[in-house]
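Counting from 5, one number per residue, gives the positions in the sequence shown under the working numbering. For each residue, glycine too, the CB sits at the ideal point set by N, CA and C. These numbers were taken from a predicted model, which means no experiment stands behind them.
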Amino acid sequence: MCGIVGYAGRRDAAGVLIDGLNKLEYRGYDSFGIATSDDGIHIVKKQGRISENGSSVSGLTGHIGIGHTRWATHGVPDDKNAHPHTCCTGDIAVVHNGIISNYAKLKRELIAGGHLFSSDTDSEVIAHLIEENLNGSLLEAVNDTVQILEGSYAFLAMSKDDPGIIAARMESPLVLGLGDGEIFASSDMTTILDYTQNIVFLEDGDIASVSSDKIIIFNSGNQVERAAEIVEWDAGAARMGGFAHFMEKEIYEQPEVFFNTLASVDDGEIIEEIKGSSGLRVIACGSSYHAGLIFRYMMEECSDIPVRVDLASEFRYFRPVSGELVIAVTQSGETADTIAALKQAQMHNCRTLAITNVLGSSVTRVADYTLYMRAGPEISVAATKSFIAQLAVFFQIVNHLCDGRYNYMDKMCHQVIEEVLLLDMEDAVSLCSGAGNLFFVGRSVFYPVSLEGALKMKEITYIHAEGYAAGELKHGPFSLLSKDTPVVAVCTPGNSRTAMLSNIREIKTRGAPVIGIGEVDDPDLEDIVDVLIPIPKSPVSGQILAVTVLMQVLAYRTAKVLGRDIDKPRNLAKSVTVE
Ligand code: AGP
Numbered sequence: 005m006c007g008i009v010g011y012a013g014r015r016d017a018a019g020v021l022i023d024g025l026n027k028l029e030y031r032g033y034d035s036f037g038i039a040t041s042d043d044g045i046h047i048v049k050k051q052g053r054i055s056e057n058g059s060s061v062s063g064l065t066g067h068i069g070i071g072h073t074r075w076a077t078h079g080v081p082d083d084k085n086a087h088p089h090t091c092c093t094g095d096i097a098v099v100h101n102g103i104i105s106n107y108a109k110l111k112r113e114l115i116a117g118g119h120l121f122s123s124d125t126d127s128e129v130i131a132h133l134i135e136e137n138l139n140g141s142l143l144e145a146v147n148d149t150v151q152i153l154e155g156s157y158a159f160l161a162m163s164k165d166d167p168g169i170i171a172a173r174m175e176s177p178l179v180l181g182l183g184d185g186e187i188f189a190s191s192d193m194t195t196i197l198d199y200t201q202n203i204v205f206l207e208d209g210d211i212a213s214v215s216s217d218k219i220i221i222f223n224s225g226n227q228v229e230r231a232a233e234i235v236e237w238d239a240g241a242a243r244m245g246g247f248a249h250f251m252e253k254e255i256y257e258q259p260e261v262f263f264n265t266l267a268s269v270d271d272g273e274i275i276e277e278i279k280g281s282s283g284l285r286v287i288a289c290g291s292s293y294h295a296g297l298i299f300r301y302m303m304e305e306c307s308d309i310p311v312r313v314d315l316a317s318e319f320r321y322f323r324p325v326s327g328e329l330v331i332a333v334t335q336s337g338e339t340a341d342t343i344a345a346l347k348q349a350q351m352h353n354c355r356t357l358a359i360t361n362v363l364g365s366s367v368t369r370v371a372d373y374t375l376y377m378r379a380g381p382e383i384s385v386a387a388t389k390s391f392i393a394q395l396a397v398f399f400q401i402v403n404h405l406c407d408g409r410y411n412y413m414d415k416m417c418h419q420v421i422e423e424v425l426l427l428d429m430e431d432a433v434s435l436c437s438g439a440g441n442l443f444f445v446g447r448s449v450f451y452p453v454s455l456e457g458a459l460k461m462k463e464i465t466y467i468h469a470e471g472y473a474a475g476e477l478k479h480g481p482f483s484l485l486s487k488d489t490p491v492v493a494v495c496t497p498g499n500s501r502t503a504m505l506s507n508i509r510e511i512k513t514r515g516a517p518v519i520g521i522g523e524v525d526d527p528d529l530e531d532i533v534d535v536l537i538p539i540p541k542s543p544v545s546g547q548i549l550a551v552t553v554l555m556q557v558l559a560y561r562t563a564k565v566l567g568r569d570i571d572k573p574r575n576l577a578k579s580v581t582v583e
């Protein structure tokens, strides 16, 4: 997702736009730009963050302007793909958030009609279509343009010859702020609340003509009224959408992220490459490594293609098998260990696939193929929605390889995750927050799920938490167990439940308190654990999502009790670009 802002009024537009883009940087930050109208359209745009380059755009004059901060979806993050985009003459400028799904066809038609494009983005077609349709007012040209667009958009357009801004909204958020002789537009009202609390929420299909002292809104060719609402939010808090931390906000975004990512994985060529490989070799770090381990268990259930999973930093000490497809999983696309391992695989003539969240990131320029997660920018250092998006990619790969085995998941994922988010975990949080050491244990696919749960707990609470295969605990770590070492044990219905019940009994005899995670209405489990966190009834695929999110929330709430710097834990970075 990207952030867009607009202004028409008595102030210098550039200052208002820069302020707004700084507040919207959480929506995307790989490039930015602004355009102002002052005896012509003036544009400055570049790769990089507005928060680090604001001075480069502060000199623009004019009291009308639009601005954009980008999260790349089409066209790598660079100067030419930064917004605003213009038409051929440069007299029309547009900033856009969303995805124009029919842009390729429109671009071909426009080029055939003589239009010259200067970027690789989908958004640029909007500026050229407006130019194509401009036979009078900008408003009419925009109205004709949106009839042709498919997909999602919130865009702002302005032209050299028009005294205002035109705002159009379909599926992507766009609000207007009504000030005293000035009007604001933004993807997110938090950028406006410092200037006015008088907010108009545009609806899908709305096209608004915005000038400094009035707005006129149309929908399906008819003028409509949208009553302004007084929003008394604290602007700072609102930036998080009312959440206390980005991590909490990103945990709550997961139902949508999983659904969107699942729907986006449909590259037949990559599926054929996987089918034709002698085996798969996943290389990754941290949470991405755990996602790879979960993928191995998924594949074991229904495919003969062997899957091996290696820590990227250790991969260099092994030789890949010729014919293996090496899959680099990296949310940031910049992890040095993972990129180094991928290059090594290529030196052994392996084909390579990257699974990443960042379009145009370094890993995409190394790998032969790329599959994108659709998680949007993840601000918090701890991986949550990006991890669930990696699972969605893997679920969809297995789905394609195993005859639609997971076809039902798009209908189930929202409910399962949303039910988990409503769970009361106070007793478990209390046990964890008072501990100095924790274990997370599980069997089968819940072993790597437990590894991930332990990582979440340790990285944001600073409590030593260790993930372990439940059957392995008695081979040494039992010596660590006491009443002061709570154990989080996953015991859900399936092929590992009976053995897990035995392991939990063994743990209990060593005096350790056990937090059991199992299906609702499991008396056998309820009888032997100290605290039970019940998950909704669902197939194993749903259990994986439920337990993963539950462990994220457990870590988050524990860290909150301990007063940790949750979004920026000590000693860590969001992307580890050194080996
Ligand atoms: C996970 O919460 C951590 N932030 C960390 O382990 C992370 O998963 C790891 O550094 C890999 O990052 P990547 O996916 O961007 O390569």
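The alpha-carbon of E328 is positioned some 23 Å away from that of S291. A heavy atom of the ligand AGP is found nearer than 7 Å to the CB of C289. Between the beta-carbon of T360 and that of Q400 there is about 15 Å, and that puts the pair past the 8 Å contact cut. Note on P259: 16 or more other CB atoms within 10 angstroms of its CB, so buried under the neighbour-count rule. One Cα belongs to I274, the other to L426, and the distance between them is close to 37 Å. Scanning the segment 17-91 for uninterrupted beta strand (DSSP E) segments of 3 residues or longer gives 35-41, 45-51, 68-74, listed from N- to C-terminal end. Looking at the DSSP output, V99 sits in a beta bridge with L160. Distances from the CB of A387 to the heavy atoms of the ligand AGP include at least one below 7 Å.
Not one heavy atom of the ligand AGP is found less than 7 Å from the C-beta of T374. Between H46 and the set G24, I70, S35, the nearest pair of CA atoms involves I70. Burial check for P527: the Cβ neighbour count within 10 Å stays below 16, so the residue is exposed. Pairing S156 with R14 gives a Cβ-Cβ distance that is not under 8 Å.
In the three-state reduction of the DSSP assignment, A386 falls in the coil class, being assigned neither a helical nor a strand state.
Between the C-alpha atoms of R74 and D43 there is a straight-line separation of about 27 Å. With fewer than 16 other CB atoms across the displayed protein chains lying within 10 angstroms of its CB, E318 is exposed. Ranked by Cα distance from E154, the first of E175, P538, A161, L142 is E175. Remark: fewer than three beta-carbon pairs, one from each stretch, lie closer than 8 Å, so the segment 412-425 and the segment 57-66 are not flagged as touching.
At the C-beta level, A432 and V535 come within 8 Å of one another. Three or more beta-carbon pairs separated by less than 8 Å link the segment 191-201 to the segment 20-28, which places the two stretches in contact. Selection G272, L266, V311, M302 evaluated against L284 yields V311 as nearest (Cα-Cα). Between the beta-carbon of A559 and that of K460 there is about 4 Å, and that keeps the pair under the 8 Å contact cut. Its chain contains H78, I103, I104, Y107 as the residues whose beta carbon lies nearer than 7 Å to that of D126, once the 5 sequence neighbours on both sides are disregarded; these appear in chain order. Relative to the Cα of A232, the nearest Cα in the group N223, G225, K218, N226 belongs to K218. Per DSSP, reduced to three states, the secondary structure at D431 is helical. When H249, L529, C495 are compared, the shortest CA-CA separation from D571 is found for H249. Not a single heavy atom of the ligand AGP lies less than 7 Å from the C-beta of T465. Each residue's CA atom was taken as its position, placing V385 and G32 some 15 Å apart. Restricting attention to K578, S307, I287, the CA atom closest to the CA of G408 is found in S307.
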